[in-house]
Amino acid sequence: MADFPTGWFFIKSVSSKKVIQPLGGSFEPTRLVVVDQKFGQEATAQLWKYENGYLVNKLTNLCLDYEHGNFKRLGDIHVCQWHRKVGKDAHNQKWLYRTNNLIASNDDIARVLDIKGASTHAGSEVLLKKLETIKGIHPANQRWLLELIDQDGLPDSLSTYQGDQITGGYAAPVEHINPWATLDNDVDSDNQPGNAQSNYY
Numbered sequence: 001m002a003d004f005p006t007g008w009f010f011i012k013s014v015s016s017k018k019v020i021q022p023l024g025g026s027f028e029p030t031r032l033v034v035v036d037q038k039f040g041q042e043a044t045a046q047l048w049k050y051e052n053g054y055l056v057n058k059l060t061n062l063c064l065d066y067e068h069g070n071f072k073r074l075g076d077i078h079v080c081q082w083h084r085k086v087g088k089d090a091h092n093q094k095w096l097y098r099t100n101n102l103i104a105s106n107d108d109i110a111r112v113l114d115i116k117g118a119s120t121h122a123g124s125e126v127l128l129k130k131l132e133t134i135k136g137i138h139p140a141n142q143r144w145l146l147e148l149i150d151q152d153g154l155p156d157s158l159s160t161y162q163g164d165q166i167t168g169g170y171a172a173p174v175e176h177i178n179p180w181a182t183l184d185n186d187v188d189s190d191n192q193p194g195n196a197q198s199n200y201y
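So this is what it looks like as structure tokens:
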């Protein structure tokens, strides 16, 4: 099911309004960070497209990935860009856009993109972390707007996912909702069987 929009888009943090790009705008496999949004030709490293489960960077043609391919390992799980993999090796490059603006790993939909330390500063690293719920609310540092661009490379306000219009809360995406991904399962999936592999990248 295509739960992301069609076309190129920014992945913008609800908490900081900063967007995801490769560290230093690198063409090589590298970790991802959040930075100030750019526009036009300067924004190429900040644009992503959904292709059959993959999130592909426009500048590098590399895919959004999480390091080591094992979300149960100890320590920070850094999100990076890496060469596209196929078959079972691609398990850590497949993503879902859940309701309430969550970008989840297809390995475990309770593992979502997050910003290290809930920071709002440019250069902060993007991590894969367990979905948090505080008094029934998921924190803004785990929520992401998908901001489509128009033919001039500028944000298309009519196509932007409307997650930041709700004061103190969130909205489901206007379209492309993944109906089976509900938010009522705050289960510790570390205790559940998984298929994550231990291969590196």
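Numbering-wise (full-length UniProt numbering), the sequence shown opens with residue 1 and increments by one. Glycine included, C-beta positions come from ideal geometry on N, C-alpha and C.
- Task: Count the other CB atoms, across all protein chains shown, that sit within 10 Å of the CB of F9; report buried if there are 16 or more and exposed otherwise.
- Result: The sequence position of residue 9 within the sequence shown is 9, counting from 1. F9 is buried by the Cβ-count criterion.
Considering only the alpha carbon of each residue, which of S26, H121 and D3 lies closest to V35? Counted from its first residue, the sequence shown places residue 35 at position 35. When S26, H121 and D3 are compared, the shortest CA-CA separation from V35 is found for H121.
* Asked: Going by the CB atoms, is the gap between L102 and V112 shorter than 8 Å?
  -> Position 112 of the sequence shown holds residue 112. Position 102 of the sequence shown holds residue 102. Yes, the Cβ-Cβ distance between V112 and L102 is below 8 Å.
At least three beta-carbon pairs within less than 8 Å, the region 79-95 to the region 130-145 = They do not touch, by the three-pair rule.
Discussion item. Check for me: the beta strand (DSSP E) holding A116 runs from which residue to which?
Written reply: Numbered from its first residue, the sequence shown carries residue 116 at position 116. Here residue 116 turns out to be Lys, not Ala, going by the sequence shown. No beta strand (DSSP E) contains K116, which DSSP labels as neither H nor E.
Mind checking which residues open and close the beta strand (DSSP E) that includes I20?
On the sequence shown, residue 20 is found 20 positions in, with the first residue counted as 1. In the DSSP annotation of this structure, the continuous segment of the beta strand (DSSP E) that includes I20 starts and ends at V19 to P22.
Residue interval of the beta strand (DSSP E) (run including Q81): Translated into the one-based positions of the sequence shown, residue 81 becomes position 81. Per DSSP, Q81 belongs to the beta strand (DSSP E) from V79 to W82.
Whose C-beta lies closer than 7 Å to the C-beta of C63 among residues of the same chain, with five residues either side of it excluded?
Translated into positions along the sequence shown, residue 63 becomes position 63. For C63, the CB contacts under 7 Å within the same chain, skipping 5 residues up- and downstream, are Y54, L55, V56, Q81, W82, R84 and Q93 in chain order.
Q.
I'd like the list of long-range same chain contacts for F4, defined as Cβ closer than 7 Å, with 5 residues on each side in sequence excluded.
A. Counted from its first residue, the sequence shown places residue 4 at position 4. Taken in chain order, the residues that qualify are Y50, Y97, L146 and H176.
Notebook entry, point to check: Which residues in the same chain have their Cβ closer than 7 Å to the Cβ of D152, if we skip the five residues on either side of it in sequence?
Noted result: Locating residue 152 in the sequence shown gives position 152, where the first residue counts as 1. Counting only Cβ-Cβ distances below 7 Å, and skipping sequence neighbours, we find nothing.
| So A110 and K130 are in contact, right, with Cβ under 8 Å, and what is the actual spacing, rounded? | Residue numbering aside, residue 110 sits at position 110 when the sequence shown is read from its first letter. Residue numbering aside, residue 130 sits at position 130 when the sequence shown is read from its first letter. Contact annotation, A110 with K130: C-beta distance approximately 6 Å; criterion of less than 8 Å satisfied.
- Query: Counting along the chain, where does the beta strand (DSSP E) carrying L146 start and finish?
  - Reply: Translated into positions along the sequence shown, residue 146 becomes position 146. That run of the beta strand (DSSP E) goes W144 to L148.
Note to self: By the three-class DSSP mapping on this structure, what secondary structure does N92 have?
What the structure shows: If you number the sequence shown from 1, residue 92 lands on position 92. The DSSP-derived three-state label of N92 is helix.
- If you drop the 5 nearest sequence neighbours on each side, which residues of the same chain put their C-beta closer than 7 Å to that of T44? To locate residue 44, count along the sequence shown from 1; it is residue 44. K58 and L59.
Exercise for review: Leaving aside the five residues before and after G123 along the sequence, list all residues of the same chain whose C-beta is less than 6 Å from its C-beta, in chain order.
Suggested key: Here residue 123 is taken as the residue at index 123 of the sequence shown, counted from 1. If we look at G123 and ignore the five residues flanking it on each side, its Cβ neighbours are V33.
What is the residue span of the beta strand (DSSP E) that S105 lies within? Residue numbering aside, residue 105 sits at position 105 when the sequence shown is read from its first letter. Looking at the DSSP string, the run of the beta strand (DSSP E) that includes S105 is L102 to S105.
* Asked: If we count the other Cβ atoms within 10 Å of its Cβ and call it buried at 16 or more, is K135 buried or exposed?
  -> By 1-based counting over the sequence shown, the position of residue 135 is 135. Exposed: under 16 other Cβ atoms inside 10 Å.
| query | Since V35 sits in a beta bridge, which residues does DSSP pair it with? | reply | Translated into the one-based positions of the sequence shown, residue 35 becomes position 35. As DSSP reads the structure, V35 sits in a beta bridge with V19.
On the CB-based measure, 16 or more other CB atoms within 10 Å of its CB, does G40 come out buried or exposed?
For the purposes of this step, residue 40 is taken as the residue at position 40 of the sequence shown. So G40 counts as exposed.
Ignore the nearest five residues each way along the sequence and tell me which others in F27's own chain have a CB closer than 6 Å to its CB. As a first step, residue 27 must be located in the sequence shown, where it is residue number 27. Excluding the 5 residues flanking it on each side, F27 has same chain C-beta neighbours closer than 6 Å at T60, in chain order.
message = Can you tell me whether K12 is helix, strand or coil according to DSSP?
response = Residue numbering aside, residue 12 sits at position 12 when the sequence shown is read from its first letter. Assigned with DSSP and collapsed to three states, K12 falls in strand.
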